[in-house]
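K.L.:
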Amino acid sequence: MSRFFSEKYSTLTPYTPGEQPTERQYVKLNTNESPFPPSDKAMAAAAQAAGQLQLYPDPTRRELTAAVAAMCGVNADEVLLTNGSDEILNFAFMAFCDGAHPAVFPDITYGFYKVFAELNGVPYRTVPLRDDLSVDPADFYGANGTVFIANPNAPTGLTLSVAAVEEILKNNPDNVVVIDEAYVDFGAESCVSLIRKYDNLLVTQTFSKSRSMAGARLGFGVGQSSLINDLNTVKYSTNPYNINRLTMAAGLGTLADEAYTRENCRTIMRTRESTTAALRSLGFELADSYTNFLFAKYPGIDGERLYRQLKERGILVRHFAQPRIADYIRITVGSETEMQVLMGALREIVEEC
Ligand code: PMP
2 MSRFFSEKYS
12 TLTPYTPGEQ
22 PTERQYVKLN
32 TNESPFPPSD
42 KAMAAAAQAA
52 GQLQLYPDPT
62 RRELTAAVAA
72 MCGVNADEVL
82 LTNGSDEILN
92 FAFMAFCDGA
102 HPAVFPDITY
112 GFYKVFAELN
122 GVPYRTVPLR
132 DDLSVDPADF
142 YGANGTVFIA
152 NPNAPTGLTL
162 SVAAVEEILK
172 NNPDNVVVID
182 EAYVDFGAES
192 CVSLIRKYDN
202 LLVTQTFSKS
212 RSMAGARLGF
222 GVGQSSLIND
232 LNTVKYSTNP
242 YNINRLTMAA
252 GLGTLADEAY
262 TRENCRTIMR
272 TRESTTAALR
282 SLGFELADSY
292 TNFLFAKYPG
302 IDGERLYRQL
312 KERGILVRHF
322 AQPRIADYIR
332 ITVGSETEMQ
342 VLMGALREIV
352 EEC
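Taking this note's numbering, I'd label the letters of the sequence shown as residues 2 to 354.
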């Protein structure tokens with residue numbers, strides 16, 4: 002730390018993203034990226050937009066906002082596009098949390114929530130998951146703070162029904178409830194339609210997973226226009242041009258090719274089911290996942306060891322050295338071939354142990 006670093010950030014522990022190694026080619030199953038390339042339409046549109054990089058992008062992003070709104074069945078003033086969904090989540094911490102509105106989220110969830118709270122100097126409280134690592138919706142009733150729930154949750158892969166989320170909304174009428182739907186396209190139910198009834202709901206989604214655009218950084222939030230206006234105030238006070246021209250064009254190209262996205266999601270879900278069955282028959286324990294990743298443990302072998310032994314064999318997964326989940330590894334659902342390589346390595350590891 003330099004002697005110039007602001008006092009207010011001196012105790013901040015930054016988020017640790019999954020490894021992005023360059024020294025060796027790994028089977029990369031650690032950051033929940035798509036195994037498929039972006040749509041051809043996205044790539045062609047981005048290539049064309051490159052010819053206009055001398056110009057700032059449209060800060061209102063009229064065209065892409067309209068396309069996202071149409072996809073979600075909402076009005077354009079109910080959508081805000083951001084630089085990945087991480088940015089809309091940070092905006093929500095900035096806009097809706099303070100001393101009187103602490104952040105409230107599960108003890109085991111997306112690690113960035115804690116970092117955003119600390120970055121913004123916002124108090125936070127964590128709510129323990131049940132023993133089976135599911136969220137008990139009743140634990141969030143009357144939360145007395147701004148609620149953040151990843152649904153499906155990460156890294157557990159478990160989901161709450163729309164009815165359960167609605168109960169949380171009803172029981173927090175004076176607080177914002179943020180539902181992070183980064184993984185919703187892999188078989189879970191979206192809560193977007195609830196924005197009609199609840200002025201305290203913000204739903205966030207991303208193009209990083211189901212739309213193969215993690216490298217382009219595109220996310221968005223959906224809520225009633227009053228909430229979106231507040232978030233726009235924060236956006237225009239931080240980075241009005243937060244979506245670059247290439248990403249904006251690629252986003253439009255992707256939305257013009259929904260069939261490709263849907264087909265890829267179906268393939269990932271099929272691969273997820275076959276890998277779940279293969280892992281179980283090898284002796285792994287894991288719940289049914291509603292995401293593009295699996296959260297699994299093997300009795301008698303801790304997660305750190307599984308992670309290291311897979312890495313030695315050229316396969317990267319994610320391990321969280323955190324109470325209650327240290328036994329687990331999180332495995333991104335890749336291509337069929339990648340999953341076969343994974344299963345071959347796991348069979349060897351299990352036999353050796
Ligand atoms: N929410 C959750 C639960 C995530 O796992 C991620 C991915 N790391 C994000 C949000 C952010 O994704 P992105 O910024 O790529 O949209």
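Positions of the beta carbon are idealized from the N, C-alpha and C atoms, including for glycine.
Kindly identify the DSSP beta-bridge partner or partners of Pro-124.
P.N.:
Looking at the DSSP assignment, Pro-124 forms no beta bridge with any residue, so it has no partner.
K.L.:
Select from Ser-7, Thr-23, Phe-6 and Phe-37 the residue whose C-alpha is nearest the C-alpha of Arg-267.
P.N.:
Ranking the options by Cα distance to Arg-267, first place goes to Phe-37.
K.L.:
So the beta strand (DSSP E) Ala-104 belongs to, where does it begin and stop?
P.N.:
Run containing Ala-104: 104-107, per the beta strand (DSSP E) assignment.
K.L.:
Short of 6 Å in beta carbon distance, which residues of its chain neighbour Cys-98, apart from the five on each side in sequence? Order them along the chain.
P.N.:
The answer, listed in chain order, is Ala-104, Val-123 and Thr-147.
K.L.:
Taking 8 Å as the threshold (C-beta atoms), are Leu-202 and Leu-170 in contact?
P.N.:
In contact: Leu-170 and Leu-202 (Cβ atoms closer than 8 Å).
K.L.:
Tell me, which residues are paired with Gln-206 by DSSP?
P.N.:
In the DSSP output, where bridge partners are listed per residue, Gln-206 has Phe-221.
K.L.:
Are the CB atoms of Val-28 and Ile-316 within a distance shorter than 8 Å?
P.N.:
Yes.
K.L.:
Can you round the beta-carbon distance between Ile-269 and Asn-293 to whole angstroms, since I take them to be within the 8 Å contact cut?
P.N.:
Contact holds; Cβ gap of about 5 Å.
K.L.:
On the premise that Asn-245 lies in contact with Ser-213, defined as a C-beta separation below 8 Å, what is that separation, rounded to the nearest angstrom?
P.N.:
About 18 Å separates the two Cβ atoms, so there is no contact after all.
K.L.:
If contact is defined by three or more beta carbon pairs under 8 Å, each pair taking one atom from either stretch, is the region 50-69 in contact with the region 159-179?
P.N.:
No, because fewer than three Cβ pairs between the region 159-179 and the region 50-69 fall closer than 8 Å, the two stretches do not touch.
K.L.:
Please confirm whether any heavy atom of the ligand PMP lies closer than 7 Å to the CB of Asp-87.
P.N.:
Yes, the Cβ of Asp-87 comes within 7 Å of a heavy atom of the ligand PMP.
K.L.:
When DSSP labels each residue in this structure, what does Tyr-237 get in the three-state scheme?
P.N.:
Correct three-state label for Tyr-237: helix.
K.L.:
Note down the Cα distance separating Val-334 from Asp-303, rounded to an integer number of angstroms.
P.N.:
Approximately 21 Å between the Cα atoms of the pair.
K.L.:
Using CA coordinates, which residue listed in Tyr-16, Asn-154 and Val-351 is at the minimum distance from Lys-298?
P.N.:
Selected option, being the one with the closest Cα: Val-351.
K.L.:
Arg-271 to Glu-79, Cα distance in whole Å?
P.N.:
Roughly 33 Å between the two C-alpha positions.
K.L.:
Go ahead and pull the three-state DSSP assignment for Arg-267.
P.N.:
It is helical.
K.L.:
Report the CB separation of Ser-86 from Gln-206 in whole angstroms; it is logged as a contact under 8 Å.
P.N.:
Indeed, because the Cβ distance is near 6 Å, the residues count as touching under 8 Å.
K.L.:
Compute the distance between the beta-carbons of Val-166 and Asn-152, then report whether it is under 8 Å.
P.N.:
In contact: Val-166 and Asn-152 (Cβ atoms closer than 8 Å).
K.L.:
Residues in its own chain within less than 6 Å of Gly-188 by CB, not counting five upstream and five downstream?
P.N.:
So the list reads Met-270 and Tyr-291, once near-sequence residues are dropped.
K.L.:
In terms of residues, what are the limits of the alpha helix (DSSP H) holding Phe-94?
P.N.:
85-97 is the span of the alpha helix (DSSP H), which, as asked, contains Phe-94.
K.L.:
Reducing DSSP to helix, strand and coil, say where Ile-244 ends up.
P.N.:
Note: Ile-244 maps to coil in three-state DSSP.
K.L.:
What residue does the alpha helix (DSSP H) around Val-163 start on, and which one ends it?
P.N.:
163-171 is the extent of the alpha helix (DSSP H) around Val-163.
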